[in-house]
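Some notes on the structure that comes next.
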Amino acid sequence: MWPSDPVTLSARVSWEICTGGSRDTQKNDGLGTKLRAAAKIAEKAADIYRAAALSRTLHTLKSQDFQVAGIPGTTVSDIVYDSGMVSGAGREIYDEVMDGRDEDLCPMCRHTEVSELDHVLPKKAFPALCVAPDNLVGTCDYCNSKKSDITTEVARKVLLHPNFENVSMERWLKAEVTPGSPGVLRYFVAAPPHWDAMLADRVRHQFGFLDLATRYSSKANHTLGGMRQHFAKQLEKNRASGLRIYLEDLASSHRADDLNGWAGVAYSAWAADDAFCQGSFKAEPAPRAEVSEHGMENFKITWMQDGLRRESVVRYSAKAAGDYASYKRAEEGVSDVRIIRSR
Numbered sequence: 001m002w003p004s005d006p007v008t009l010s011a012r013v014s015w016e017i018c019t020g021g022s023r024d025t026q027k028n029d030g031l032g033t034k035l036r037a038a039a040k041i042a043e044k045a046a047d048i049y050r051a052a053a054l055s056r057t058l059h060t061l062k063s064q065d066f067q068v069a070g071i072p073g074t075t076v077s078d079i080v081y082d083s084g085m086v087s088g089a090g091r092e093i094y095d096e097v098m099d100g101r102d103e104d105l106c107p108m109c110r111h112t113e114v115s116e117l118d119h120v121l122p123k124k125a126f127p128a129l130c131v132a133p134d135n136l137v138g139t140c141d142y143c144n145s146k147k148s149d150i151t152t153e154v155a156r157k158v159l160l161h162p163n164f165e166n167v168s169m170e171r172w173l174k175a176e177v178t179p180g181s182p183g184v185l186r187y188f189v190a191a192p193p194h195w196d197a198m199l200a201d202r203v204r205h206q207f208g209f210l211d212l213a214t215r216y217s218s219k220a221n222h223t224l225g226g227m228r229q230h231f232a233k234q235l236e237k238n239r240a241s242g243l244r245i246y247l248e249d250l251a252s253s254h255r256a257d258d259l260n261g262w263a264g265v266a267y268s269a270w271a272a273d274d275a276f277c278q279g280s281f282k283a284e285p286a287p288r289a290e291v292s293e294h295g296m297e298n299f300k301i302t303w304m305q306d307g308l309r310r311e312s313v314v315r316y317s318a319k320a321a322g323d324y325a326s327y328k329r330a331e332e333g334v335s336d337v338r339i340i341r342s343r
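Taking the UniProt record's numbering, I'd label the letters of the sequence shown as residues 1 to 343.
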């Protein structure tokens with residue numbers, strides 16, 4: 001939902017660089033030559049892809065139209081992408097994609113640092129696009145793992161493409177304090193009224209699919225834990241009105257950097273909550289005992305949302321897994337949250 005700058009290199013040149021070292025052997029029946037000869041196929045595929053991305057019709061593209069004739073998609077992906085780009089002459093292109101933002105945070109969530117390269121359309125199903133720069137985005141491991149090789153034919157479930165779509169310049173993320181809590185936030189999407197229904201649905205879908213409400217709430221709660229003492233001093237010195245002004249100033253500073261950053265939204269939500277500004281945040285939860293790696297376990301958190309059972313696998317302490325589930329239960333439209341130990 002935040003922009004990424006695509007590599008300014010044609011798909012054909014990228015393909016030629018990544019196949020330049022592919023060899024012909026007696027066993028592979030001239031595979032290297034065949035792959036190099038497919039540069040025009042890759043170029044045409046990328047043109048079709050770009051037109052679909054610009055018209056927001058990526059969901060209409062079919063895997064069978066993006067094959068390299070006579071060569072299995074897995075083989076194309078393994079040789080052209082894995083050997084030719086990741087480990088070969090195309091590594092500079094890979095690195096440039098990974099550096100495609102002016103900061104380190106993932107453009108899909110702006111929560112976690114970029115650490116992996118994602119194919120918007122999966123490389124094995126759409127092999128002709130496996131090294132097309134427009135189809136490559138640097139993301140965090142969480143978003144890349146959640147997205148995996150999932151594709152959809154439903155327009156409302158298409159994740160926003162960081163190379164072509166940007167909703168970061170309009171305010172769409174909001175939060176509110178969970179009633180009766182010491183400042184625990186519930187994040188949600190509040191689409192601007194002039195957005196068309198399709199865009200609003202896609203942003204809501206991506207927000208839910210990538211667990212952003214839970215991930216942002218966890219970040220905010222951690223921040224609040226380190227700020228409680230400071231907020232208490234502000235309240236004692238300047239009363240509720242002074243604390244509110246202070247929180248609003250913090251929100252304004254964060255929003256100047258990112259209108260929809262979880263931190264700016266958090267400070268705005270706390271400033272807008274009367275109980276918080278009067279000191280409800282001082283009801284700090286019981287301190288959590290330090291947990292060594294030996295106390296960590298694998299948990300699967302599952303829940304119902306939009307008629308589907310969704311899940312997230314985490315490695316937490318039992319207490320932290322319970323907190324995660326609590327944040328998830330506070331999300332709008334979420335029900336039947338379950339915690340399952342993974343063996």
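Don't be surprised by glycine CBs; every beta carbon is placed ideally from N, CA and C. If you're wondering where the values come from, they're calculated on a predicted model, not measured in any experiment.
Judged by their CB atoms, V97 and G138 are nearer to each other than the 8 Å cut-off. Boundaries cannot be given for F66, as no beta strand (DSSP E) includes it and DSSP labels it neither H nor E.
The beta carbon of L250 lies closer than 7 Å to those of Y267 in the same chain, with the five residues before and after it left out. Non-local C-beta neighbours of I17 in its own chain, meaning closer than 6 Å and more than five positions away in sequence, comprise A89, G90, ordered along the chain.
Across the structure, K233 and A272 are spaced so that their CA atoms are roughly 19 Å apart. For the 8 Å CB-CB criterion, R186 and A213 form a contact.
Inclusion of L35 and T19 in the CB contact set at 8 Å is warranted, their separation being smaller than that value.
Rounded to whole angstroms, the gap between the alpha carbons of V68 and L129 is 10 Å.
It is roughly 10 Å from the alpha-carbon of T152 to the alpha-carbon of L61.
Straight across, the Cα-Cα distance linking R110 with S22 is about 37 Å. Around the Cβ of E165, a 10 Å sphere holds 16 or more other Cβ atoms; the residue is buried. Taking C-alpha positions only, L105 is separated from K27 by approximately 44 Å. Y187 is bridged by DSSP to A175.
For the pair R12 and A37, the CB atoms are not nearer than the 8 Å cut-off. Here DSSP, grouped into helix, strand and coil, assigns I150 to coil. A straight-line Cα-Cα distance of about 33 Å links M227 and P162.
The region 76-85 makes no contact with the region 172-181; the number of CB pairs closer than 8 Å stays below 3.
Distance from the Cα of L159 is smallest, within the candidate group G183, T112, E170, L210, for L210. The C-alpha of D78 is placed about 46 Å away from the C-alpha of G225. One thing to note: M304 has its Cβ within 8 Å of the Cβ of S335.
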